[in-house]
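Undergrad: Handing you this structure, nothing more for now.
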Amino acid sequence: MSLHKGRGFACINYPIGMNLGGDPSQALVHSTPDGKFMVTLSAIDLGQGMKSVTRQIAAETIGVPVEDVYVDTADSDTGPHDMGSFASRGTHRVGNAVIQAAKEARGVMLEAAAEELEVNAGDLETDGHGNIHVKGAPGRTITVEQTAIAAQFRQGRTISGRGIFLIPMSDVDPDTGEMTPVSCFAHAAVVVDLQVDDETGEVEVLEVNSAYEVGRALNPKMVEQQLIGGAWMGISHALYETTEPYYPNRDHGPTDFNQYLMPGAGQVVNHNIAVLERPAEDAPFGGKGPGEMCANPLLPAVANAVYNAVGVRCDTLPITPEKVLRGILVNGGAQNRGG
17 MSLHKGRGFA
27 CINYPIGMNL
37 GGDPSQALVH
47 STPDGKFMVT
57 LSAIDLGQGM
67 KSVTRQIAAE
77 TIGVPVEDVY
87 VDTADSDTGP
97 HDMGSFASRG
107 THRVGNAVIQ
117 AAKEARGVML
127 EAAAEELEVN
137 AGDLETDGHG
147 NIHVKGAPGR
157 TITVEQTAIA
167 AQFRQGRTIS
177 GRGIFLIPMS
187 DVDPDTGEMT
197 PVSCFAHAAV
207 VVDLQVDDET
217 GEVEVLEVNS
227 AYEVGRALNP
237 KMVEQQLIGG
247 AWMGISHALY
257 ETTEPYYPNR
267 DHGPTDFNQY
277 LMPGAGQVVN
287 HNIAVLERPA
297 EDAPFGGKGP
307 GEMCANPLLP
317 AVANAVYNAV
327 GVRCDTLPIT
337 PEKVLRGILV
347 NGGAQNRGG
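Quick note on our numbering: the sequence shown kicks off at 17 and runs consecutively.
Here it is in structure tokens:
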């Protein structure tokens with residue numbers, strides 16, 4: 017028995033969203049009587065942190081503390097329309113819609129505050145801590161809560177806003193039909209180090225190194241955790257997730273996630289991540305969002321590393337020990353392709 021080490025590399029340019037019908041997202045923002053803000057969406061948070069990011073975007077745009085903003089994604093029947101949580105579009109499309117709605121709500125809020133302070137709305141600014149000040153006169157101030165109460169009970173004003181974001185339609189070349197299907201791309205490069213046992217065919221990942229260009233990391237810690245978790249989703253697809261050898265006969269196959277083969281905590285290894293920030297011009301505060309790009313490059317990187325280790329090129333997933341052993345047998349033994 018010998019253990020053969022291999023290194024695999026893969027890079028990816030991943031499109032953000034799509035261009036069909038403008039790929040619209042809508043958002044609603046309204047204030048409660050106590051000066052808190054509710055963001056209503058039909059885009060569902062699938063665990064990628066979209067609710068946290070849209071909360072930050074709304075708070076920054078309105079000019080209030082993030083703890084005073086709540087996000088409701090409860091019901092796509094009664095909420096504003098959204099195309100869906102797919103195509104890595106959440107941060108970009110929904111975030112832009114939230115900005116538009118929050119800007120409108122902020123404008124109404126400043127108008128209500130201006131009426132109470134007897135100044136022009138253009139003379140007011142927020143401090144991000146729940147207060148609205150007259151520019152150049154810090155002593156003249158009113159809290160967001162006081163403004164909301166005045167708007168609701170004295171002025172008969174609703175502090176709210178509506179937002180929609182659409183991607184401009186692409187020009188189409190009349191001769192070739194060529195068009196631009198997306199507005200921006202995110203990028204990633206991944207290196208996977210692993211070892212292959214030439215007796216059992218088992219593959220063990222040793223280390224992952226990666227670089228991701230995500231526009232701007234609006235929540236750096238959350239981005240890092242998403243990249244780590246997404247990488248192991250990719251490795252799981254590459255090496256583990258299968259019903260073999262029972263497929264297509266499932267009589268003795270896994271029936272739940274206690275039996276379904278996936279990597280556990282014992283398989284997770286060191287993952288060094290470099291997050292590169294290049295803010296996108298049309299993105300909310302420059303952030304594109306990592307999305308599926310977290311997982312996708314890991315699959316070819318693992319396949320390349322296995323080839324590098326033992327010379328077996330697997331073109332179907334997952335790369336099971338049986339496939340590795342059959343490849344080694346066909347090749348007449350393990351053939352390390354490393355330099």
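C-beta: ideal position from N, C-alpha, C; glycine also.
Exposed or buried, which one is K304 when buried takes at least 16 other CB atoms within 10 Å?
TA: buried
Undergrad: Does the structure place the region 281-299 close enough to the region 212-232 that three or more beta carbon pairs sit under 8 Å?
TA: yes
Undergrad: Is the beta carbon of A90 closer than 9 Å to that of D84?
TA: no
Undergrad: Quick check on DSSP: helix, strand or coil for N112?
TA: DSSP, read as helix, strand or coil, puts N112 in helix.
Undergrad: In this structure, does DSSP put H253 in helix, strand or coil?
TA: The answer is helix: DSSP assigns H253 an H, G or I state.
Undergrad: Going by DSSP, name the residue or residues bridged to G193.
TA: According to DSSP, which records beta bridges pairwise, G193 is partnered with nothing at all.
Undergrad: Which same chain residues end up closer than 7 Å to Q171 when comparing Cβ atoms and leaving out the 5 residues on each side of it in sequence?
TA: These residues qualify, in order along the chain: A128, E131.
Undergrad: Considering only their Cβ atoms, is the gap separating V208 from L314 smaller than 9 Å?
TA: Yes, the Cβ-Cβ distance between L314 and V208 is below 9 Å.
Undergrad: Check whether the region 115-122 and the region 161-171 touch, using three or more Cβ-Cβ pairs below 8 Å as the test.
TA: no
Undergrad: Which residues bound the beta strand (DSSP E) around I289?
TA: 287-292
Undergrad: Going by the DSSP bridge assignment, what does Y30 pair with across the sheet?
TA: Residue pairing by DSSP places Y30 opposite A202 in a beta bridge.
Undergrad: Pick from H253, A281, D39: whose alpha carbon is nearest that of S186?
TA: D39
Undergrad: Any contact of the region 180-194 with the region 96-115, i.e. 3+ C-beta pairs under 8 Å?
TA: yes
Undergrad: Any heavy atom of the ligand SAH within a distance shorter than 8 Å of the CB on S176?
TA: Here there are no bound small molecules, and the ligand SAH is not part of this structure.
Undergrad: At the level of alpha carbons, what is the spacing between I289 and E215?
TA: For I289 and E215, the gap between their C-alpha atoms comes out near 33 Å.
Undergrad: Between which two residues does the beta strand (DSSP E) containing S176 stretch?
TA: 176-181
Undergrad: Is there contact between the region 55-67 and the region 90-100, where contact requires at least three CB pairs shorter than 8 Å?
TA: yes
Undergrad: State the Cα-Cα distance for the pair G327 and V340, rounded to the nearest angstrom.
TA: 9 Å
Undergrad: Exposed or buried, what is V346 when buried is set at 16 or more other beta-carbons lying within 10 Å of its beta-carbon?
TA: exposed
Undergrad: Just curious, the alpha helix (DSSP H) that S68 is in, first and last residue?
TA: 66-78
Undergrad: Counting only the same chain and skipping the five closest in sequence on each side, list residues whose C-beta sits under 6 Å from that of G246.
TA: C310, A311
Undergrad: For Q171, which of helix, strand or coil comes out of DSSP?
TA: helix
Undergrad: In this structure, how does DSSP classify G38 when only helix, strand and coil are distinguished?
TA: Reduced to three states, the DSSP call for G38 is helix.
Undergrad: Pick helix, strand or coil for V212, following the three-state DSSP scheme.
TA: Residue state, collapsed to three classes: strand.
Undergrad: Which term fits E229, buried or exposed, when burial requires 16 or more other beta carbons within 10 angstroms of its beta carbon?
TA: buried
Undergrad: Identify whether T157 lies in helix, strand or coil by the three-state DSSP scheme.
TA: strand
Undergrad: Do A167 and I158 have their CB atoms nearer than 9 Å?
TA: No Cβ-Cβ contact shorter than 9 Å links A167 with I158.
Undergrad: Where do the ends of the alpha helix (DSSP H) carrying E338 lie?
TA: 337-347
Undergrad: Excluding the 5 residues flanking V239 on each side, which residues of the same chain have their C-beta closer than 7 Å to its C-beta?
TA: V230, A233, V291, P306
Undergrad: Excluding the five sequence neighbours on either side, which residues of its own chain have a C-beta within less than 8 Å of the C-beta of R71, listed in chain order?
TA: V55, V82, V85, Y86, V87
Undergrad: Here's the rule: buried if 16 or more other CB atoms are within 10 angstroms of the residue's CB, otherwise exposed. What is D213?
TA: buried
Undergrad: State the Cα-Cα distance for the pair R342 and I28, rounded to the nearest angstrom.
TA: 30 Å
Undergrad: Using a 10 Å radius around the Cβ and a threshold of 16 neighbouring Cβ atoms, would you call H20 buried or exposed?
TA: The C-beta of H20 has 16 or more other C-beta atoms within 10 Å across all chains shown, which makes the residue buried.
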